[in-house]
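J.: Per the numbering used here: the sequence shown = residues 74 to 237.
Heads up, the beta-carbon is just placed ideally off N, CA and C, and yes, glycines get one too.
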Amino acid sequence: MEIYRNGIPIRFTINGKSVEVKVEAGETALYTIRDRLGLKGTKEGCGIGECGACTLMVDGKAVNACLTLGAQLDGRDVLTVEGLELPTGLNPMQEAFLDHHAVQCGFCTPGILMSTHALFNENPKPSREDIVEEISGNLCRCTGYEHIVSAIEDAANRLSKEKT
Numbered sequence: 074m075e076i077y078r079n080g081i082p083i084r085f086t087i088n089g090k091s092v093e094v095k096v097e098a099g100e101t102a103l104y105t106i107r108d109r110l111g112l113k114g115t116k117e118g119c120g121i122g123e124c125g126a127c128t129l130m131v132d133g134k135a136v137n138a139c140l141t142l143g144a145q146l147d148g149r150d151v152l153t154v155e156g157l158e159l160p161t162g163l164n165p166m167q168e169a170f171l172d173h174h175a176v177q178c179g180f181c182t183p184g185i186l187m188s189t190h191a192l193f194n195e196n197p198k199p200s201r202e203d204i205v206e207e208i209s210g211n212l213c214r215c216t217g218y219e220h221i222v223s224a225i226e227d228a229a230n231r232l233s234k235e236k237t
């Protein structure tokens, strides 16, 4: 058995790029992504998986980065909010959030965008009830959710029009 004194080397893909980094035992994926890789879009709100601010995608599934160990990213495909942007700029989901004023302080927005992305992967035409259920794990203290839900409905419409 090999003993790693300076961290455990892991390799994974993040936002389409292959990375190699050393992580400490017990280090969260949130720390790995924010502090080791410098991707600051993923936020730490509560640190216990209750607020959704740290939501990201691992192998196509939404996970809380504060509850996932950095070592668990080894060999995985990770998508953060930075990876949603298109080469031409914002994606339709991000544009809908701006158009509907679904952002106030913005702290919760990356996690909500990632939860929405996960929803659209599973259900490209969600009902309002589907949307409310999907973002129920994302806390927002500013907007009251109406603008957020409206933005997600609009984003679903925009994306379905793009595919036709």
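#1: DSSP three-state call for Pro82: helix, strand or coil?
#2: Can you grab the Cα-Cα spacing for the pair Met187 / Leu146, in whole Å?
#3: Report the residue from Ser209, Glu219, Gly114 and Tyr218 whose alpha carbon sits nearest the alpha carbon of Leu152.
#4: Tell me the DSSP secondary structure of Glu93 in three-state form.
#5: What three-state label does DSSP hand Val176 in the structure shown?
#6: Suppose you measure from the CA of Ile225 to the CA of Arg78; what does that come to, to the nearest Å?
#7: To which residues of the same chain is Cys41 closer than 6 Å at the C-beta, ignoring the five residues directly before and after it?
#8: Indicate the three-state DSSP secondary structure (helix, strand or coil) for Ala135 in the structure shown.
T.: Checking against the coordinates, here is how it stands:
#1: DSSP places Pro82 in strand when its eight states are reduced to three.
#2: Here the alpha carbon of Met187 sits roughly 17 Å from the alpha carbon of Leu146.
#3: Of the candidates Ser209, Glu219, Gly114 and Tyr218, the one whose C-alpha sits nearest the C-alpha of Leu152 is Gly114.
#4: Correct three-state label for Glu93: strand.
#5: Look at Val176 here: in three-state DSSP terms it is coil, with no helix or strand label.
#6: So the two alpha carbons sit approximately 46 Å from each other.
#7: A question about residue 41 goes unanswered here, because the residues of the chain that appear run from 74 up to 237.
#8: Annotated three-state conformation of Ala135 is strand, per DSSP.
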